[in-house]
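For the sequence shown, numbering that gives the first Met the number 0 assigns the number 0 to the initial residue and increments by one for each residue that follows.
Cβ coordinates follow ideal geometry from the N, Cα and C atoms, glycine included.
Just so we're clear, the structure is a prediction, and the values are computed from it rather than from any experiment.
Read through the structure below, which is laid out as structure tokens, and then see the notes.
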Amino acid sequence: MCGILGEFSLTNSLTPIDRFKSILKISKSRGPDESSIKSASGKIQFGFNRLSILDLSKEASQPVWSPSGRYLIVFNGEIYNHQKLRSDLGIVGKTIKSHGDTASLVYCIDRWGITNTIKKIEGMFSIGVWDVKKRRLSLARDFAGIKPLFYGWKNSKFVFASQYNQISNHPFFRNEKVNQSVLKLYLEQHYIPPPFGILNNTFSVFPGEIVTVDIEGKLKRKKFWTFPEFHESTTNYINAEKTIENEIRQSVREHLISDVPLGAFLSGGVDSPLICDYAKHYIPHDFNTFSLGSDSPIHDETYLSKKYSTALNSIHHTVEMTAANSFQYVDRILAKAGEPIGDSSIIPTWKLSNVANSKVTVILSGDGADELFFGYERFQSLAKNHRLWNYPYCLRYLVRGFDRLVFNDKYINECVLSSTPGESHFGLHSNQPKELSRQLIPSLSNVKLPEIFDLYKYPNPKTKNELLHIIRKVEFYGMLQKTLTKVDRASMANSIEIRVPFLKKTLVEKIVKTGVRVHSPMLKRKKILYNLLMKSFKNIKPELRKKGFSIPLTKWIKTDYKNVFYEKLLDKTFCQTFDIETKKMEEILNNHINGKYDYKWSLFSLYGLSVWNDARD
0 MCGILGEFSL
10 TNSLTPIDRF
20 KSILKISKSR
30 GPDESSIKSA
40 SGKIQFGFNR
50 LSILDLSKEA
60 SQPVWSPSGR
70 YLIVFNGEIY
80 NHQKLRSDLG
90 IVGKTIKSHG
100 DTASLVYCID
110 RWGITNTIKK
120 IEGMFSIGVW
130 DVKKRRLSLA
140 RDFAGIKPLF
150 YGWKNSKFVF
160 ASQYNQISNH
170 PFFRNEKVNQ
180 SVLKLYLEQH
190 YIPPPFGILN
200 NTFSVFPGEI
210 VTVDIEGKLK
220 RKKFWTFPEF
230 HESTTNYINA
240 EKTIENEIRQ
250 SVREHLISDV
260 PLGAFLSGGV
270 DSPLICDYAK
280 HYIPHDFNTF
290 SLGSDSPIHD
300 ETYLSKKYST
310 ALNSIHHTVE
320 MTAANSFQYV
330 DRILAKAGEP
340 IGDSSIIPTW
350 KLSNVANSKV
360 TVILSGDGAD
370 ELFFGYERFQ
380 SLAKNHRLWN
390 YPYCLRYLVR
400 GFDRLVFNDK
410 YINECVLSST
420 PGESHFGLHS
430 NQPKELSRQL
440 IPSLSNVKLP
450 EIFDLYKYPN
460 PKTKNELLHI
470 IRKVEFYGML
480 QKTLTKVDRA
490 SMANSIEIRV
500 PFLKKTLVEK
510 IVKTGVRVHS
520 PMLKRKKILY
530 NLLMKSFKNI
540 KPELRKKGFS
550 IPLTKWIKTD
560 YKNVFYEKLL
570 DKTFCQTFDI
580 ETKKMEEILN
590 NHINGKYDYK
600 WSLFSLYGLS
610 VWNDARD
């Protein structure tokens, strides 16, 4: 794991080395163990900050030339099947100085090229490759977007990096203005989705995408993996459960490769306890687990997590979250993120990672399961209405009213009043009134969201199962990206590598292939995972209500940090910079504090925007 940085100039005018080193240093927490730089032909320079995980020796240092000398490579991530790839190359038993995955990767690229290698990889990664022969730079990001990769492209200058603030602070892009379309998208989704950057001429590589730019300045983007298409499976539940159990076990085992101490996050839910149980089979001693405690009962998971840790016989650590010991770090956390982020769960994730840093270097997490196994309530919420979206609005309105009056929202909900399920889905993710952005920043009134942001532009499918599949796909490329962003920024700020066994490529494909029918959330959320957990922990009933690593932010804004939010969000410079209506901002704050409306998502997103703007100066 590491932080990477690279430049490509068509005009032989690279950043002076001292300045390049200072920009590389921005991602030092991603790789505190070693830093190095390599350049080629006066057009390319790569930088690398190393967090040593596999092969702790100098033999695993980067950037590195391939054996033939054709490719210069810099790589961030872990390749879990790298030993198999060595076998496929026929180099098992031959002399390779390093036993790490980087050495395997460079041999693969040398033999197969970047595209064919990427298709064979199982792991999380962001990669930069300079091809001397073709005089072409290629960037690639893993299929799920677990590891970040940003770039800027303007006037024959190309920069890529692990952290967005390495792009925004680079001399080539330092003076770029805020992209208003992306700003609007951020305020409505509370993070910057790929492939966008908040400044003009800045971007992120989309999950499962390869971006190339050649010596003539031609930039191309192509997908090497996309979410599987919908099909009705004939697989029965018993076979599906057995297949998925085997795949999860195998994935967990593969994710345990490490030359440094490894532990796991442990909640009171379903996903992480299952991961911990499977991992414990291969780590019989000194298995560290980390859980979140809270002074808010509805956010506290210690009761169940301690039960799980006892059953696992793990060395358990609980991090207590209170207003007094948590929010004091928020400005530092959000500044380190390098880009605006409006997900408040970054705070507890940062604190857990901070505590874990003294015990382990690698952490397993259960992220991805909710998206793949229909764990969120919004799956059911949208599925309830799937037949009604084809009806006129007036009829949908009457049916909705009747259900509310007679059945107390049992069959129909507010989602049906949106024009399409996609529009409703967008609103469920936004968690704010439709007109809020326009009222708060009038200059955004006529600003449209980026045209290529078409994630939620889907009609009402013919069947409920097809709709559920589409929702799952949207969650994968939507809210999962928000979760992975939060997890990566919080963990790497503490030099902790987070691994996500549920997001193994072949596992995801197997899950989708089993079909929606056997996972149906109308029967039970995460049915397969729940049943597998009961096999592992027969006497512990998990918490099915989704908590995540959350905090009582609504309350904190009203009480302990009321003055902090007033001061930050009503700051004259901040409001002027983003053309914010100060009176409207004050009204929103007052309405939240007085309990008229819960604006926590919008307020924290604005807070994150303010911190990012301050850190940029």
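Range covered by the beta strand (DSSP E) that runs through E33: Start and end: E33 to A39.
Proximity of N412 and S442 at Cβ, strictly below 8 angstroms: The criterion of a C-beta distance shorter than 8 angstroms is not satisfied by N412 and S442.
Where N75 falls: helix, strand or coil (DSSP): Reduced to three states, the DSSP call for N75 is strand.
Nearest residue (CA-CA) to G5, options R220, F159, H518 and K222: Relative to the Cα of G5, the nearest Cα in the group R220, F159, H518 and K222 belongs to F159.
V515 beta carbon less than 8 angstroms from that of H468: The Cβ atoms of H468 and V515 lie closer than 8 angstroms to each other.
P391 to P460 span [Cα, whole Å]: Using only the alpha carbons, I get a separation of about 16 angstroms.
Three-state secondary structure (DSSP) of F603: Of the three classes helix, strand and coil, the one that applies to F603 here is helix, per DSSP.
Where the beta strand (DSSP E) containing L218 begins and where it ends: Unbroken beta strand (DSSP E) run through L218: L218 to K222.
Among L182, A334 and L273, the one whose alpha carbon lies nearest that of S304: With distances taken between Cα atoms, S304 lies closest to L273.
Inter-residue spacing [alpha-carbon to alpha-carbon] between S343 and V204: Going from the Cα of S343 to the Cα of V204 covers about 24 angstroms.
D87 - containing alpha helix (DSSP H), residue span: If you look at D87, you'll find it in the alpha helix (DSSP H) that goes H81 to L88.
Reference I22; option with closest CA among I314, S161, I113 and A310: Nearest of I314, S161, I113 and A310 to I22, Cα basis: S161.
Residue environment, H428, which counts as buried when at least 16 other CB atoms sit within 10 Å: By the C-beta density criterion, H428 is buried, having at least 16 other C-beta atoms within 10 angstroms.
Cβ-based burial, I345 [other Cβ within 10 Å; buried from 16]: Answer is buried; the Cβ neighbour count reaches 16.
P170 versus K24 - alpha carbon distance: So the alpha carbons of these two residues sit roughly 15 angstroms apart.
CB of F373 within 8 angstroms of CB of H254, strictly: 8 angstroms or more divides the Cβ of F373 from the Cβ of H254.
Nearest candidate by alpha-carbon position, reference M491, set Q480, K350 and T505: In this structure, K350 is the residue among Q480, K350 and T505 with its C-alpha nearest to the C-alpha of M491.
Extent of the continuous alpha helix (DSSP H) to which V563 belongs: Run containing V563: K561 to L568, per the alpha helix (DSSP H) assignment.
Cβ-Cβ distance between R615 and S167 below 8 angstroms: S167 sits close to R615, with the two beta carbons spaced by under 8 angstroms.
Cβ neighbours of P194 in the same chain (closer than 6 angstroms, five flanking residues each side left out): Once the five neighbours on either side are set aside, the close Cβ partners of P194 are F202, S203 and F205.
Nearest neighbour of T114, chosen from A102, G122 and V128 [CA to CA]: Minimum Cα-Cα distance from T114 among the listed residues A102, G122 and V128 corresponds to V128.
Euclidean distance between Cα positions of T116 and F289: Straight through space, the alpha carbons of F289 and T116 are spaced by roughly 35 angstroms.
Top-ranked residue by Cα proximity to R85, from T321, N312, S266 and I120: Checking every option, the nearest Cα to that of R85 belongs to I120.
From K96, G607, K599 and H316, residue whose alpha carbon lies closest to that of V354: Comparing Cα positions, the closest option is H316.
Reference K20, options D299, L186, G2 and P227, closest by Cα: Of D299, L186, G2 and P227, the residue nearest in Cα terms is G2.
When V131, K96 and G41 are compared against K57, the one with the closest alpha-carbon: Of the candidates V131, K96 and G41, the one whose C-alpha sits nearest the C-alpha of K57 is K96.
Per-residue DSSP class, three states only, for T288: Correct three-state label for T288: strand.
Counterpart residues of N48 in DSSP-defined beta bridges: According to DSSP, which records beta bridges pairwise, N48 is partnered with G2 and S34.
Contact check, T360 vs P260, beta carbons under 8 angstroms: Result yes, Cβ atoms of T360 and P260 sit closer than 8 angstroms.
Beta-carbon separation (whole angstroms), V63 vs T101, contact threshold 8 angstroms: The pair is a contact, with the Cβ atoms about 6 angstroms apart (cut-off 8 angstroms).
Range covered by the alpha helix (DSSP H) that runs through D100: Element bounds for D100: D100 to K119.
Beta-carbon contacts of V105 that lie in its chain and below 8 angstroms, excluding the five residues immediately before and after: For V105, where only same-chain residues beyond five positions count, the Cβ hits under 8 angstroms are V63, W64, S65, P66, Y70 and I72.
Beta-carbon proximity of E175 to G122, cut-off 8 angstroms: Against a cut-off of 8 angstroms, the Cβ pair of G122 and E175 comes out as no contact.
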